[in-house]
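These notes are about the structure you will find just below.
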Amino acid sequence: MRKRITVQVKIGMIAAILCLGSTVASGCKGSFPTAPPTLAAPTAVATATPAGSAAPAVTATPDSEQEIHFTDINLETVVREKIGKSIGAIRRADVENITELSARVRGITSIESLRYFTSLEELDLYGNRITDFSVLTELTSLKKLNIAKNYNVLTSNTAGASGLDLTPLKGLVLLEELDASDNMLTDLTVLGSLSALQTLTLTNNRITDISPLAGCKSLTYVDLSYNYGLNSDNTERGISDLSPLFENTQLRTLIAG
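Start counting at 1 in the sequence shown, then tack on 102, and there's your number in this note's numbering.
Put into structure tokens, the structure is as follows:
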């Protein structure tokens with residue numbers, strides 16, 4: 103009898119031990135150990151930029167240090183000769199204080215890069231092939247200007263029947279001397295606003311009407327020689343009326359015919 107009880111106690115103890123090892127809360131009958139839980143992948147943590155710390159600022163290049171990219175190699179050569187810089191970048195600081203520039207007969211076709219020469223007072227462009235002078239509107243310090251012999255009938259695309267376009271000169275209120283000879287000019291309307299103009303040379307054009315010059319009260323010297331326009335029958339006609347200049351009390355020399 104004692105042996106049977108002992109066996110039963112041992113069986114009960116074994117069953118209790120097995121139940122303790124089971125992970126099923128309802129009991130150990132018919133249960134098996136469960137698989138270990140799956141670990142979640144680590145979550146990335148974004149690191150915020152500390153408050154008050156900004157990205158490094160980009161420093162702008164000062165205007166005076168900006169490089170000039172010339173649109174005409176021949177003009178660039180003239181400028182290099184002027185500033186004594188045969189190689190290397192030409193910057194605005196190199197040219198912004200230039201007051202006089204001569205570029206006579208250098209094969210120049212574009213003067214767009216002269217917009218940076220804001221101190222220019224004297225500019226000589228005689229004998230080139232320039233048809234667009236629009237950049238002159240920005241050179242308001244000009245006092246002496248020579249654009250003679252630039253109109254080329256075979257290469258000009260903008261001048262048209264009236265010859266070289268003088269419109270860009272309209273705002274040059276300080277201009278005292280102008281030579282626009284040999285440019286097939288017919289219309290002088292723009293010149294009427296140049297009240298400071300003293301010396302005017304317009305030889306060998308096609309001018310027949312000088313009435314706009316009545317507004318140039320400071321003129322002391324005017325050369326209108328060799329100006330012949332065309333009549334409707336293609337016969338030549340010159341300047342028949344010089345009276346617009348007669349009321350100018352400053353005028354000392356007038357050449358016409």
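Glycine included, every Cβ here is placed at the ideal spot set by N, Cα and C.
Residue i (DSSP reduced to helix, strand or coil)
i	result
PHE219	coil
LYS272	helix
ARG194	helix
ASP165	helix
GLY331	strand
GLY186	coil
THR239	helix
GLY209	coil
ASN350	coil
LEU287	coil
GLY294	helix
GLY265	coil
ASN306	coil
LEU315	helix
THR173	coil
THR233	coil
LEU344	coil
THR260	Reliability of the predicted coordinates at THR260 is poor, the pLDDT of 49 falling under 50, and no value is obtained from them.
GLY123	Only weak support exists for where GLY123 lies, its pLDDT of 46 falling under 50; the value from the coordinates is given anyway. Three-state result, GLY123: helix.
Straight-line Cα distance separating residue j from residue i
i	j	result
ALA191	ASN230	25 Å
SER297	THR239	16 Å
SER212	THR305	24 Å
THR288	ILE189	43 Å
VAL292	THR269	6 Å
ALA195	GLU167	6 Å
ASN176	THR351	43 Å
HIS171	ILE210	15 Å
ASP343	SER320	20 Å
GLU198	ALA205	17 Å
ASP234	ASN248	14 Å
ALA316	GLY294	7 Å
ARG193	LEU356	44 Å
SER182	GLU214	Here residue 182 is Arg; the residue named in the question, Ser, does not match the sequence. Distance between the alpha carbons of ARG182 and GLU214 is about 16 Å.
VAL180	ARG208	8 Å
ASP322	LEU277	It should be noted that the sequence gives Thr, not Asp, for residue 322. Cα-Cα distance, rounded: 14 Å.
LYS187	LEU299	35 Å
LEU222	GLU178	16 Å
THR301	GLU279	5 Å
Residues sharing a beta bridge with residue i, DSSP
i	result
SER204	ASP226
GLU279	LYS246 and THR301
THR355	TYR323
ARG339	GLY331
Candidates the options: closest to residue i by CA position
i	options	result
SER313	ALA282, THR220, GLU349 and GLU198	GLU349
ASN329	ALA358, THR301 and THR351	ALA358
LYS272	ASP311, GLY209, ILE232 and CYS318	CYS318
LEU354	ASP325, ARG339 and ARG217	The sequence shown places Arg at residue 354, rather than the Leu named in the question. Measuring from the Cα of ARG354, the nearest candidate turns out to be ASP325.
THR242	VAL180, LEU290, GLY265 and LEU216	LEU216
LEU361	ARG193, THR220, ILE189 and SER188	No answer is possible for residue 361: the residues shown for the chain start at 103 and end at 359.
PRO346	GLY331, ARG339, ASN307 and LEU290	LEU290
SER327	ASP284, ALA316, GLN300 and THR201	ASP284
THR201	ILE185, ARG193, ALA282 and GLY209	ILE185
ASN281	LEU225, THR310, GLY294 and SER320	Here residue 281 is Asp; the residue named in the question, Asn, does not match the sequence. Selected option, being the one with the closest Cα: LEU225.
VAL275	LEU244, ILE341 and ARG208	LEU244
ASN307	SER320, GLU278, GLY340 and TYR323	GLY340
THR310	THR301, SER295, MET286 and THR322	MET286
TYR253	ALA316, LEU227, LEU302 and VAL237	LEU227
LEU266	LYS251, GLY331, LEU222 and LYS187	LYS251
TYR218	THR301, GLU169 and LEU302	GLU169
Cβ of residue i within 8 Å of any chain C Cβ
i	result
ILE312	Structure shown: chain C not included; a single protein chain is present.
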